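In this text, residue positions in the sequence shown follow full-length UniProt numbering: the first is 1, and each later residue adds one.
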Amino acid sequence: MSTESTRATIDAYLAKTRARDLDGAVALFSEDVDWDAPASGAAPWSGRRSSRAEVAEFFRLLHEYLAPQDFTVTHTVVEGDHGVIIGHLTDTVKATGATLATPFAAHVTVRDGQIVGYRLFEDTHALAKALSGVTGPPGTDGATAPAG
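Listed below in structure tokens is the structure:
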């Protein structure tokens with residue numbers, strides 16, 4: 001697959017994700033996908049997934065537990081079938097009110113216009129703390145106490 005085709009698929013995925021068109025984003029994944037979003041057991045959406053339906057479940061659970069505040073992509077690097085997305089995201093944990101602010105990177109593999117591989121990298125320690133409501137001083141580890 002060409003770099004241009006891979007970039008077009010990744011750009012479409014990012015546009016749909018930013019617009020919160022989760023059905024559209026999920027439709028870009030192959031029926032068989034090698035997905036990994038490692039985190040602690042406190043994050044029910046984390047872990048390995050191998051089908052488009054399981055990717056849809058990831059997004060459903062993610063939005064059940066987190067309220068997205070910001071999703072900023074700073075770099076997208078693409079070569080052949082592979083792309084790397086680098087950015088920063090901020091979410092509010094619905095159960096605790098804590099804010100999770102973390103850099104992220106995702107390695108994406110595209111074949112025939114569909115995403116067949118996805119590896120997410122983020123600050124899983126800050127995620128676990130935000131989910132548990134345990135926080136430190138703002139800016140120390142990505143998890144901050146709820147306002148008020």
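Positions of the beta carbon are idealized from the N, C-alpha and C atoms, including for glycine.
Given the structure is predicted, the values throughout are model-derived calculations rather than measurements.
Nearest to Ile85 by C-alpha distance, out of Val108, Asp91, Thr99, is Val108. When beta bridges are read from the DSSP output, Tyr13 appears opposite no residue. Nearest C-alpha to Gly24 among Leu14, Ala42, Asp32: Leu14. Residue pairing of Arg49 in beta bridges, as defined by DSSP: Trp35. Annotated three-state conformation of Gly117 is strand, per DSSP.
For Ala27, the closest C-alpha among the options Ala128, Gln114, Leu127 is that of Gln114.
Under the DSSP assignment, Asp23 falls outside any beta strand (DSSP E), being part of the alpha helix (DSSP H) whose first and last residues are 22-27. With fewer than 16 neighbouring CB atoms inside 10 Å of its own CB, Gly80 falls in the exposed class. In this model, Thr9 and Val78 are separated by some 11 Å (Cα to Cα). Nearest to Asp91 by C-alpha distance, out of Ala106, Thr74, Pro68, is Pro68. Taking 7 Å as the cut-off, the Cβ atoms of Phe104 and Gly87 count as close. Arg49 is a Cβ neighbour of Trp35, given a cutoff of 7 Å. Closest in alpha carbon position to Thr96, among Ser5, Ala12, Ala128, Asp11, is Ala128.
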